[in-house]
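J.: One line per chain: the protein sequences are A and B, in this order. Sequential numbering of the first sequence, starting at 0, is according to numbering that gives the first Met the number 0. Sequential numbering of the second sequence, starting at 0, is according to numbering that gives the first Met the number 0.
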Amino acid sequence: MTNKLITLAQAVARYTWDGMTYAHGAAFPVGADSVVFGREMARQGRRGLNLISHCGSQQLNLLAALGAVRRVEVGFSGLEVYGFAKGLNRAVVSGQTIIEDYSNGAMALRFLGGALNWPFVPATVCLNNDQQWCSGDHPDEYPCARKIPEITDPFSGKKLGAFSVLRPQVAAIHVTMADMEGNAIMLGSEWSRFEMARAAGQVVLVAERIVDQGCMRQYPNLVRIISEVVEAIVYWPWAAWPQSVVGLYDSDEEHMLLMNDMLATAEGTAQYLERYVRAFQTRAEFQALIGPEKMDRLAATATAFLMDPYRRWILPDDQIAALEQEG
Amino acid sequence: MDCTRQEFMAIATGRELKDGELAIFGVGLSMLAGYFAKKNHAPNLRAFTEGGVFGSTPVGGLPWGIECTRLSANATSFTGALDALGFLVASGRCDVAIIGAAQIDKYGNVNTTGIWREPPWKAGRYAPPRVRLNGSGGANDIAVGAKRFIIMAAHDKKRFAERVDYISSPGYLSGGDARERAGFIGGGPSAIITTLGILRPHPVSKEFYLDAYFPFSSVEEIREHTGWDLKVSANVRVVPEPTEQELANLRAVDSTGSLRKK
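#1: Using 7 Å as the cut-off, classify the Cβ of A83 (chain B) as near or not near the heavy atoms of the ligand FMN, replying yes or no.
#2: Chain A partners of C67 (chain B), CB-CB under 7 Å?
#3: With a threshold of 8 Å, are at least 3 pairs of Cβ atoms found where one atom belongs to the stretch 211 to 227 of chain B and the other to the stretch 172 to 179 of chain B?
#4: Sort B:V88, B:A36, B:G187, B:G60 by Cα distance to T48 (chain B) and report the nearest one.
#5: Would a C-beta distance cut-off of 8 Å place D104 (chain B) and V163 (chain B) closer than the cut-off?
#6: One question on the structure: do A196 (chain A) and I172 (chain A) come within less than 8 Å of each other, judged by their Cβ atoms?
#7: Tell me which same chain residues have a C-beta within less than 7 Å of the C-beta of R92 (chain B), skipping the five on either side of it?
#8: Would you say D104 (chain B) reaches chain A, if we count a Cβ-Cβ gap shorter than 8 Å as a contact?
#9: Which word fits K260 (chain B), buried or exposed, when buried means at least 16 other C-beta atoms lie within 10 angstroms of its C-beta?
#10: I'd like to know if F183 (chain B) contacts chain A, where contact means its C-beta is closer than 8 Å to some C-beta of that chain.
#11: Check the DSSP bridge columns for M106 (chain A) and list the partner residues they point to.
#12: As an exercise, report each continuous alpha helix (DSSP H) stretch of at least 4 residues that is fully enclosed by the stretch 62 to 96 of chain B, in chain order.
#13: Look up Q102 (chain B) in the DSSP assignment and give the residues it is bridged to.
#14: Between the Cα of N259 (chain A) and those of A:T123, A:L61, A:S226, A:D316, spot the shortest distance and give me the residue it belongs to.
#15: Pull up the distance between the alpha-carbon of G246 (chain A) and that of W190 (chain A), whole angstroms please.
#16: State whether the stretch 126 to 143 of chain A contacts the stretch 117 to 131 of chain B, with contact taken as three or more CB pairs (one from each stretch) at a distance under 8 Å.
#17: From the DSSP output, in three-state form, read off Q201 (chain A) for me.
#18: Take every Cβ of the stretch 207 to 224 of chain A, pair it with every Cβ of the stretch 117 to 126 of chain A, and state whether three or more of those distances are shorter than 8 Å.
#19: Who are the near neighbours of Y34 (chain B) in its chain, counting only those whose CB is closer than 8 Å to its CB and skipping five residues on each side?
#20: Tell me, please, whether the CB atom of V58 (chain B) is closer than 8 Å to any CB atom in chain A?
#21: My output table needs one value for L209 (chain B): the three-state DSSP class, helix, strand or coil.
#22: Three-state secondary structure (DSSP) at P200 (chain B)?
#23: Rounded to the nearest angstrom, what separates G186 (chain B) and Q5 (chain B) at their Cα positions?
#24: Do A12 (chain A) and V203 (chain A) come within 8 Å of each other at the CB atom, strictly closer than that value?
#25: Run through DSSP, which three-state label would M21 (chain A) get?
#26: Is there a C-beta anywhere in chain B that falls below 8 Å from the one on F309 (chain A)?
#27: Counting only beta-carbon separations shorter than 8 Å, does G134 (chain B) have a partner in chain A?
#28: With a cut-off of 8 Å on the beta carbons, I'd call E245 (chain B) and N39 (chain B) a contact; round off their distance for me.
#29: Specify the secondary structure class of F346 (chain A) as computed by DSSP and reduced to three states.
#30: What are the uninterrupted segments assigned as alpha helix (DSSP H) that are 4 or more residues long and contained completely in the stretch 108 to 141 of chain A, given in chain order?
#31: Count the other CB atoms, across all protein chains shown, that sit within 10 Å of the CB of E194 (chain A); report buried if there are 16 or more and exposed otherwise.
#32: How about L262 (chain A) and A278 (chain A): are their beta carbons less than 8 Å apart?
#33: Hey, W63 (chain B) and V29 (chain A): beta-carbon distance below 8 Å or not?
#34: At which residues does the beta strand (DSSP E) containing K157 (chain A) begin and terminate?
#35: I'd like to know whether the C-beta of F77 (chain B) is nearer than 8 Å to at least one C-beta of chain A.
#36: Any beta carbon of chain B sitting closer than 8 Å to that of G104 (chain A)?
Pasting the structure below:
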């Protein structure tokens with residue numbers, strides 16, 4: 000069996016570069032996302048990124064606040080009940096980050112089109128409104144005819160929109176558990192991670208737990224991301240913090256608000272970078288930032304029972320660390 | 000009755016939902032209104048989120064997001080965006096939805112994307128906004144595909160504009176048969192429920208008029224807080240106060256009291 004486990008720092012060094020098209024996934028802004036991968040990209044100083052954020056999350060918020068995002072395509076850019084993403088909004092309003100808006104459904108369809116190698120995807124959403132008429136790439140054209148061009152259904156003669164497909168160069172995808180080969184199970188909404196994993200040129204999984212492959216052989220129907228499309232795996236518990244992960248931990252209200260408030264200004268963002276990005280390199284250092292008391296409280300999620308069937312296959316940290324050394 | 004305007008709005012919105020319907024809710028207040036209906040008078044309402052969380056009711060208070068752990072503790076199924084927004088909404092299966100709005104116009108078009116000094120339709124170009132909001136999320140898909148949808152919004156003049164800065168989710172576009180001509184599968188907004196009253200679309204012009212006002216409000220107050228010349232129904236009525244039972248059921252859903260903040 001191939002062992003694809005590598006460290007977070009290695010994964011970011013190997014699979015990200017300035018100016019790349021990068022997708023992070025994501026099950027909604029307060030949900031499972033590979034947030035820690037974005038922290039490491041920030042630590043390694045990636046710039047000029049073209050993000051595909053379906054949806055936005057604190058990862059987009061952080062990278063945009065740092066001025067590292069040249070352009071982002073997004074369905075929803077806020078933080079749900081935590082409000083607007085202040086770091087991203089600062090970058091958008093100043094003109095630093097170009098934003099291309101689509102509906103959430105259109106983003107999922109565009110990933111599907113990319114995964115199937117279609118030239119474009121036909122759909123009826125986003126039409127006859129400003130998501131079609133306003134283009135961040137072509138700001139001087141209003142109504143813009145190039146972002147979602149109108150086409151005619153050759154069978155019925157009806158008007159449709161032609162959507163460009165999404166093919167990120169790399170996607171860092173959060174999963175609940177993976178085996179060392181890259182077969183993965185996601186608990187909770189998978190959002191568009193199934194399609195994203197197949198649309199991306201390369202996929203790095205960010206897994207909360209590493210399990211023995213016996214788990215996948217017991218529940219093969221639940222393996223929605225398969226090793227075939229996965230290049231590398233990063234093991235990182237609390238990877239989505241301060242967001243929530245079904246089965247593992249609740250949303251950290253205090254840090255969601257603190258982080259968003261800090262990212263609202265350049266000074267606050269610089270402080271955040273020192274305190275919550277540069278301040279850790281190991282999993283233990285990262286968990287110390289969250290704090291044991293808070294971790295206990297957040298891990299007492301009402302969804303914890305969803306992990307019960309899988310616990311017997313979870314590999315211990317020392318075994319995973321040894322696998323990382325080989326990878 | 001000791002209830003806040005937000006609670007009144009949520010109860011009035013919940014009353015629009017019928018038992019047995021297939022419904023999709025947005026994050027925040029929409030979700031509280033929807034789950035209030037399920038608890039109060041529509042026990043067989045089938046609710047799902049755009050992330051494909053089916054069959055659940057929130058635990059521990061207002062969910063932080065539409066597929067967060069507070070909404071995922073008792074689901075019967077987890078799927079994803081293509082299933083929820085595609086197979087159930089774009090297909091035309093979804094009966095009813097509730098969405099929010101930062102800005103709304105007389106034809107029920109919703110802006111949740113941004114506020115401009117000079118909006119794109121006026122400037123003839125798409126400059127960065129003065130204030131960036133959240134984008135449409137799934138609300139555009141829902142506004143296009145659901146059989147009907149209800150819009151919830153705090154009622155003030157800045158929000159209720161003659162024309163929105165940016166259409167994120169379409170209502171009746173420029174009114175009349177404009178929406179029909181656009182070929183959307185869903186029927187459009189059936190009501191705008193605000194913190195002051197209820198607006199409904201005229202059957203032909205599709206312009207929203209005042210149908211009813213809350214007991215603490217008035218026709219004059221609502222017209223004053225609306226950015227277009229709001230027409231008033233000849234049969235304008237007062238919305239019945241929430242009953243004890245309705246309020247108890249709403250507060251059971253809103254156990255963290257997010258609607259009680261005045």
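The beta-carbon is built from N, C-alpha and C at its ideal position, and this holds for glycine as well. What you are looking at is a predicted structure, and each value in this text was computed from that prediction instead of being measured.
T.: The short version:
#1: What this structure holds is no ligand at all, so the ligand FMN is not there to describe.
#2: V29, G30, S243, S250
#3: no
#4: B:V88
#5: yes
#6: yes
#7: L21
#8: no
#9: exposed
#10: yes
#11: In the DSSP output, where bridge partners are listed per residue, M106 (chain A) has none listed.
#12: none
#13: B:N110
#14: A:L61
#15: 16 Å
#16: yes
#17: strand
#18: no
#19: F24, A46, T56, P57, V252
#20: yes
#21: strand
#22: strand
#23: 27 Å
#24: no
#25: With the sequence shown as reference, residue 21 (chain A) is identified as Tyr, and Met is not the correct amino acid for it. DSSP places Y21 (chain A) in strand when its eight states are reduced to three.
#26: Note that residue 309 (chain A) is Tyr in the sequence shown here, rather than Phe. No, Y309 (chain A) lies away from the interface with chain B (no Cβ there is under 8 Å from its Cβ).
#27: yes
#28: 6 Å
#29: Outside the displayed span of chain A (0 to 326) sits residue 346 (chain A), for which this structure offers no information.
#30: 129 to 132
#31: buried
#32: no
#33: yes
#34: Counting along the chain, K157 (chain A) falls outside any beta strand (DSSP E), and DSSP gives it neither H nor E.
#35: yes
#36: yes
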